[in-house]
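Colleague: Please find one structure pasted underneath; my questions will follow.
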Amino acid sequence: MELLVASAIGIMTTGGIYLLLRLRTFPVILGISLLTYAVNVFLFASGRLTTGAPPVLRDDITAYADPLPQALVLTAIVISFGMTAVVVMIGLGAFLGSNDDHVDDQPDLPEDPAEGQS
Amino acid sequence: MSLFFIVALPFFGALLPGLMNTAGRAACAGVTFTVSLAAFIGLLTNLPAIMAGEVVMARVDWIPSLGLNFTLMLDGLGFFFALLILGIGLLIIAYARHYLSRDDNMGEFFTYLLLFQGAMVGIVLSDNILLLLIFWELTSLSSFLLIGYWKHLPEGRQGARMALTVTGMGGLAMIGGMLILGQIVGSYDLSVILQNRDLIQADPLYVPALILILLGCFTKSAQFPFHFWLPHAMAAPTPVSAYLHSATMVKAGIFLMARMWPVLSGTPEWFVIVTTAGLITMVLGAVIALFKHDLKALLAFSTVSHLGLITMLLGTGTAFGAMAAMFHILNHATFKAALFMSAGIIDHEAHTRDIRRLGGLRKLMPITFIVATLAALSMAGIPLLNGFLSKEMMLEEATHTVLFNSPWLVPVLATIGSLFSAAYCFRLIGHVFMGPVRDDYPAKPHDPGAGLWMPPAILVVLVVVIGVAPFLAEPFVKLVTASVLGGVLDVPTAYFKIWHGLVPALFMSIAAIIGGLLMLAIFNPALRLWDGTPRPEAKTIFDTIVEAAAKLAQSIILPLHNGAFSRYAAVGTAAIVAVGFHAWMTGTVGAPTREMQPAGPVPIAGWLMLVAATGGMVFMHRNRFLSLILIGIVGLMVSIGFVFFSAPDLAMTQFTVEVVTIILLLLALNFLPNHTPIESTVLRRVRDASVAIVGGLATFGLAYHYLLRDAVASPISEFHLANSYKGGGGTNVVNVILVDFRGFDTYGEIIVLGIAALLIYALTETLLGGPVRARLLNRKHDQARAGDMHPMMMVVLTRVIMPVVLMVGFYIFLRGHNEPGGGFISGLIVSIAVVMQYMASGFSWTSARLRYPYHGVIGAGVLIAGLTGIGSWFVSKPFLTSDFTYVRIPPFHEFELATAALFDLGVFLAVVGAVMLSLESFSRLARRAHMPETEHPMDIDPSREMPPPEGTPVREGA
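In structure tokens:
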């Protein structure tokens, strides 16, 4: 089981980094999201893996999953939504403003084709 | 009044002028005046203690671990400077009220002025040198704002930049010097440092510390070779020049030299550096001043010259020199501020400050003439005026000073300096006020109202009173001198007298005055000679240096920082992995302590789906819709993984966040291209893939290793599990941690979330207000539109289940404390319920029915959470202490009431508001791009697409 989780983290990180290094905003945003999953699972796994023992107190049960990483990851998930939304908005604004969704500075753009049409 | 109030008053008062701006100019100036007056009176209440020789202290520990404490100290020296700052400040405020024109933003001006005043008072009252540095930098910043106050003038902007660069660099050097000093002594408190003269002067780091501190002082007080910024700062409005550049800020460097005098002075290094710099500055400033035609430039260079004089006196390291310096600071502040204000009056009335275009003003502006002439004569060193007394003391000190083994060097240069000083004073009187009345002034000059001439007149009264009756000022000056000397030397017993007998200083004085008159007589040939002599222009040199520095910085930064995000990301990833690898290789790894758990077919199936979806995203990311669906699968698998590994709360959160994220990205994709073109070369993709694989292997290795080992120390989770029910009153430990144990974190996080949403809203507003709007309105859709924008099935279904979803949200919220659920999750569920209405029934239909602005919902959430936290203050508990109790209302079961639930309500509202505001902002972009929406409650009847005939009222539900 540990191998599965660790390899899932590694694979999501690999995919995330690869997409992060793409040249257009949309794949970069997806890459960041993928990386977010990987990081969240990584943090969550720092409480080690426990099945069938949610940290909800019950009488006569003494073993529970580690609640602290769960609480931290919970807020991380919500915050990462907020941050994704901001990044998407910035990317969108840049695209709408210049009709170009490259993430890198473009050295000298040829004449904007969209502007020539309208 | 407590010293804290004296320092804090101008800072807090700085909020008022801006608020009073709309109430009129008199109110705006009045409130500023009142604030300064309050601080001034507060200062005076400490006078009896100061006169009794006491030192008033006030202390609050701020960051004791760094030695940074908010410690204030008021002794004679501090009192003297604070008196100058606040007293002249009052006169300047009254003067500025009448000086500024109606086009100037008075509130802005007085805000800057009060900020400056507060920073200045902070410098002179600080007992902690780190605190002093903070105020020191604040004066640089506020003077930058004041010099550049007339933003439309390029000279003002350049002058402000130059002043900030020079004084800012000096300030940086001084930070270094002060830190060395603090390290030597082991304390950053001035009162301790001043006791350790021998320790400091014996330290090998004394000379570096001295040079660094003096750099700060010399730049601030415009000493050679940093004198050039002061004349350029004269582009400021005249009240600023009078206040900052004659009476206060430029004296900050001198103040610091005087403050540090007991521990830094008396060594050969101090003597040579300070005396030489002062002497050069004094002579150079006086010579340049004589040949300036701009009245303010003349006064600026004369200020440079007089600051040099004071510096030289401090440099001699004798008690008499220190006393003369203190006396001259007082005298210079009075006559120079009066002269600046007179120059401002002339500029105001005659519309020019060029001496060549003036003359004969004696008859047209008699009051200004008297004020300016008395001040100028005092500056020239004419007996019965205060400038004479301190200049005489300076010359007296000069005759005893032996620099570079030459007993005549200092006296001769001091006499030359005085000679030119007298000459420019006579030129000022002669060329501006004397001579025939002209008929070509740019405006007809006449005396201004009392508001303008009264402040300088008050100062001139002081000039005359001190000049005639010096014994009045004597006790005070000696008191100040005593605190400068700090017990190292005794205060001189010499009396302040007008007549000292036939001493060398008297002959030097007479020589200077006669020489000054002669100089004025041969002014025209001398000017031709001066103009014919080539001189280095300080501004050109400064600009060249700045340009070279900028070029150097660009040549380093631009190749490194070329705007290619993907390059930074690749370099960053590789660097992080490399650092981690280094840590790995140099650390030790224990043997596995945990058994590998067996994996059944279900987890393997989930893993396969996750891996397939991730792989699909990488290989098919060019199809953006497809990759969006695939990332949904990844998110779903992660949620299921959370369920499997005993984290129900996380699973619910991840699942709901997944829904809103996908909606968000779909909205964005509505505008972005649907395909990513192939641009990168194969080589580049190989490179990126190898970086990615290395990063992935690293995280895999790290995760795999720690999953098979127990934590080295026992985790704090044990505490949470043990106290969740006892202390927090809830059985869902994750929720209790969020709203109780780590409530402060959560509070910060909902604020961040709210700010993110507001940021998105603001960006949307900016986009829609700019040229993008036209593009949005004209854009053609690259996707086929749905035939039915609002399918009836979906409209009906979403409306029917809306109450049910809200009910579920409410239920999840209530059970959160004891069962999986809580504010975050229910907030997301309710948001999804509302988003469904937007999707099914259209934007305008939904927003017309929503009565609460989302900003308000965010704000209410943060407020409720914050107020819940504050509530615990009323029972004398720290912020966010929670409490709970069990109540029973028949016929219900006993149930729990917890303040944490109220906090969770705040979380809930903030999440709803933030999610909805983000999504709404995105769809507002789309809405502008669409056709106007229909106003029917259900957009399901195609016949309504036909426009109704003219005159037929459209009825709802018809």
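So the protein lines, in turn, are chains R and W.
The letter at position 68 of the first sequence is residue 67 when you use numbering that gives the first Met the number 0, and the numbering goes up by one with no holes.
The letter at position 40 of the second sequence is residue 39 when you use numbering that gives the first Met the number 0, and the numbering goes up by one with no holes.
All C-beta atoms, glycine included, are put in the ideal place defined by N, C-alpha and C.
No experiment lies behind these values; they were computed from the predicted model shown.
At a CB-CB cut-off below 7 Å, which residues of chain R make contact with residue 606/W?
Modeller: In the second sequence, counting from the first residue as 1, residue 606/W sits at position 607. Result: 3 and 7.
Colleague: Answer with yes or no whether the minimum CB distance from residue 327/W to chain R is below 7 Å.
Modeller: Against the second sequence, residue 327/W aligns to sequence position 328. No, residue 327/W lies away from the interface with chain R (no Cβ there is under 7 Å from its Cβ).
Colleague: Using the beta-carbon count (16 or more within 10 Å), is residue 666/W buried or exposed?
Modeller: Sequence index remark: in the second sequence, residue 666/W carries index 667 (1-based). Burial call: buried.
Colleague: For residue 389/W, which residues in the same chain have their Cβ closer than 7 Å to its Cβ, ignoring the five residues on either side in sequence?
Modeller: Within the second sequence, the letter at position 390 stands for residue 389/W. Closer than 7 Å at Cβ, skipping near neighbours: 323, 326, 327 and 330.
Colleague: What are the boundary residues of the beta strand (DSSP E) that includes residue 68/W?
Modeller: Here residue 68/W refers to the residue found at position 69 of the second sequence. First-last of the beta strand (DSSP E) with residue 68/W: 67-73.
Colleague: State the Cα-Cα distance for the pair residue 434/W and residue 353/W, rounded to the nearest angstrom.
Modeller: Sequence index remark: in the second sequence, residue 434/W carries index 435 (1-based). Sequence index remark: in the second sequence, residue 353/W carries index 354 (1-based). In a straight line, the C-alpha of residue 434/W is about 15 Å away from that of residue 353/W.
Colleague: Should residue 20/R be flagged as near chain W, meaning a C-beta pair shorter than 7 Å?
Modeller: The residue labelled residue 20/R in the question sits at position 21 within the first sequence. Cβ-Cβ to chain W under 7 Å: yes for residue 20/R.
Colleague: Any beta carbon of chain W sitting closer than 7 Å to that of residue 112/R?
Modeller: Counting from 1 along the first sequence, the entry for residue 112/R is found at position 113. Below a pLDDT of 50, predicted positions are generally treated as unreliable, and residue 112/R, at 47, falls in that range; no measurement from the model is reported.
Colleague: Name the chain W residues whose beta carbon is nearer than 8 Å to that of residue 104/R?
Modeller: By one-based count along the first sequence, residue 104/R stands at place 105. Neighbours of residue 104/R on chain W, chain order: 561, 562 and 563.
Colleague: Just how far apart, CA to CA, sit residue 449/W and residue 346/W?
Modeller: In the second sequence, the residue the question calls residue 449/W occupies position 450. In the second sequence, the residue the question calls residue 346/W occupies position 347. For residue 449/W and residue 346/W, the distance between alpha carbons rounds to 16 Å.
Colleague: Hey, out of 170/W, 339/W and 876/W, whose CA is closest to residue 244/W's CA?
Modeller: For the purposes of this step, residue 244/W is taken as the residue at position 245 of the second sequence. It is 339/W whose Cα lies nearest to the Cα of residue 244/W.
Colleague: Kindly provide the ranges of any alpha helix (DSSP H) runs that are 4 or more residues long and lie completely inside the segment 132-164 of chain W, ordered along the chain.
Modeller: Entirely contained in the segment 132-164 of chain W, not one alpha helix (DSSP H) run reaches 4 residues.
Colleague: Using a Cβ-Cβ cut-off of less than 9 Å, give me the residues of the segment 713-734 of chain W that come near chain R, in sequence order.
Modeller: Residues 714, 715, 716, 719, 720, 723, 724, 729, 730, 731, 732, 733 and 734.
Colleague: Going by DSSP, name the residue or residues bridged to residue 895/W.
Modeller: Taking the first residue of the second sequence as position 1, residue 895/W is located at position 896. Paired residues: 885/W.
Colleague: Candidates 241/W, 164/W and 134/W: which alpha carbon is nearest residue 86/W's?
Modeller: Mapped onto the second sequence, residue 86/W falls at position 87. Ranking 241/W, 164/W and 134/W by Cα distance to residue 86/W puts 241/W first.
Colleague: If contacts are defined as beta-carbon pairs under 8 Å, then residue 204/W and residue 179/W qualify, I think. What distance do you get, rounded to the angstrom?
Modeller: Numbered from its first residue, the second sequence carries residue 204/W at position 205. Numbered from its first residue, the second sequence carries residue 179/W at position 180. Confirmed, Cβ separation roughly 5 Å.
Colleague: Which whole-angstrom value describes the C-beta separation of residue 81/W and residue 123/W, a residue pair presumed to lie in contact below a C-beta threshold of 8 Å?
Modeller: Your numbering for residue 81/W matches position 82 in the second sequence. Your numbering for residue 123/W matches position 124 in the second sequence. 5 Å between Cβ atoms; contact.
Colleague: Is there a Cβ from chain R that is less than 7 Å from the Cβ of residue 456/W?
Modeller: Counting from one through the second sequence, the residue named residue 456/W turns up at place 457. No, residue 456/W lies away from the interface with chain R (no Cβ there is under 7 Å from its Cβ).
Colleague: Can you list the beta strand (DSSP E) stretches of 3 or more residues lying completely in the segment 11-86 of chain W, in chain order?
Modeller: Within the segment 11-86 of chain W, the complete beta strand (DSSP E) runs of at least 3 residues are 55-62 and 67-73.
Colleague: Exposed or buried, which one is residue 13/R when buried takes at least 16 other CB atoms within 10 Å?
Modeller: Looking up residue 13/R in the first sequence gives position 14. Buried, by the Cβ-count rule.
Colleague: By DSSP, does residue 399/W sit in helix, in strand, or in coil?
Modeller: Reading the second sequence from its first residue, position 400 is the one you call residue 399/W. Here residue 399/W sits in coil by DSSP.
Colleague: State the start and end residues of the unbroken alpha helix (DSSP H) segment that holds residue 55/R.
Modeller: Numbered from 1 along the first sequence, position 56 holds the residue referred to as residue 55/R. Run containing residue 55/R: none; DSSP gives neither H nor E here.
Colleague: Given this structure, state the Cα-to-Cα distance separating residue 55/R from residue 803/W, to the nearest angstrom.
Modeller: One-based indexing of the first sequence puts residue 55/R at position 56. One-based indexing of the second sequence puts residue 803/W at position 804. Each residue's alpha carbon lies about 26 Å from the other.
Colleague: So is residue 681/W buried or exposed if we call it buried at 16+ other beta carbons inside 10 Å?
Modeller: Along the second sequence, read from residue 1 onward, the residue named residue 681/W stands at position 682. Flag for residue 681/W reads exposed.
Colleague: Express the C-alpha separation of residue 422/W and residue 520/W in angstroms, rounding to a whole number.
Modeller: By one-based count along the second sequence, residue 520/W stands at place 521. By one-based count along the second sequence, residue 422/W stands at place 423. Each residue's Cα considered, the two are about 10 Å apart.
Colleague: In three-state DSSP terms, what is residue 704/W?
Modeller: The residue labelled residue 704/W in the question sits at position 705 within the second sequence. If DSSP states are grouped into helix, strand and coil, residue 704/W belongs with the helices.
Colleague: Do the CB positions of residue 739/W and residue 899/W come within less than 7 Å of each other?
Modeller: Here residue 739/W corresponds to residue number 740 of the second sequence, with the count starting at 1. Here residue 899/W corresponds to residue number 900 of the second sequence, with the count starting at 1. The answer is yes: Cβ separation under 7 Å.
Colleague: Compare the C-beta of residue 555/W against all C-beta atoms of chain R and say whether one is closer than 7 Å.
Modeller: Counted from its first residue, the second sequence places residue 555/W at position 556. No, no contact with chain R.
Colleague: Could you tell me whether the Cβ atoms of residue 747/W and residue 913/W are closer together than 7 Å?
Modeller: As a working mapping, residue 747/W is identified with position 748 in the second sequence. As a working mapping, residue 913/W is identified with position 914 in the second sequence. Result no, Cβ atoms of residue 747/W and residue 913/W do not sit closer than 7 Å.
Colleague: Can you list the residues of chain W that residue 175/R reaches, using a CB-CB cut of under 8 Å?
Modeller: Shown here, chain R extends from 0 to 117; a query on residue 175/R therefore has no answer.
Colleague: Is residue 587/W a contact residue of the ligand NAP, with contact defined as CB to any heavy atom under 6 Å?
Modeller: Judged by which ligands are present, the structure shown has none, so any question about the ligand NAP falls away.
Colleague: Given a cut-off of 7 Å, decide if residue 863/W and residue 918/W are closer than it, judged by their beta-carbon atoms.
Modeller: Numbered from 1 along the second sequence, position 919 holds the residue referred to as residue 918/W. Numbered from 1 along the second sequence, position 864 holds the residue referred to as residue 863/W. No, the Cβ-Cβ distance between residue 918/W and residue 863/W is not below 7 Å.
Colleague: Could you compute how far the alpha carbon of residue 922/W sits from the alpha carbon of residue 29/R?
Modeller: For this step, residue 922/W is matched to residue 923 along the second sequence. For this step, residue 29/R is matched to residue 30 along the first sequence. Looking at the two C-alpha atoms, the distance is approximately 20 Å.
Colleague: So, with DSSP's three-state summary, where would you put residue 903/W?
Modeller: Along the second sequence, read from residue 1 onward, the residue named residue 903/W stands at position 904. DSSP places residue 903/W in helix when its eight states are reduced to three.
Colleague: Please report the Cβ distance between residue 924/W and residue 775/W, rounded to the nearest whole angstrom; I am assuming they are in contact, meaning their Cβ atoms lie under 8 Å.
Modeller: Here residue 924/W is taken as the residue at index 925 of the second sequence, counted from 1. Here residue 775/W is taken as the residue at index 776 of the second sequence, counted from 1. At roughly 6 Å, the Cβ-Cβ gap stays under 8 Å, so residue 924/W and residue 775/W are in contact.
Colleague: Suppose you measure from the CA of residue 260/W to the CA of residue 875/W; what does that come to, to the nearest Å?
Modeller: For this step, residue 260/W is matched to residue 261 along the second sequence. For this step, residue 875/W is matched to residue 876 along the second sequence. Roughly 48 Å separates the two Cα atoms.
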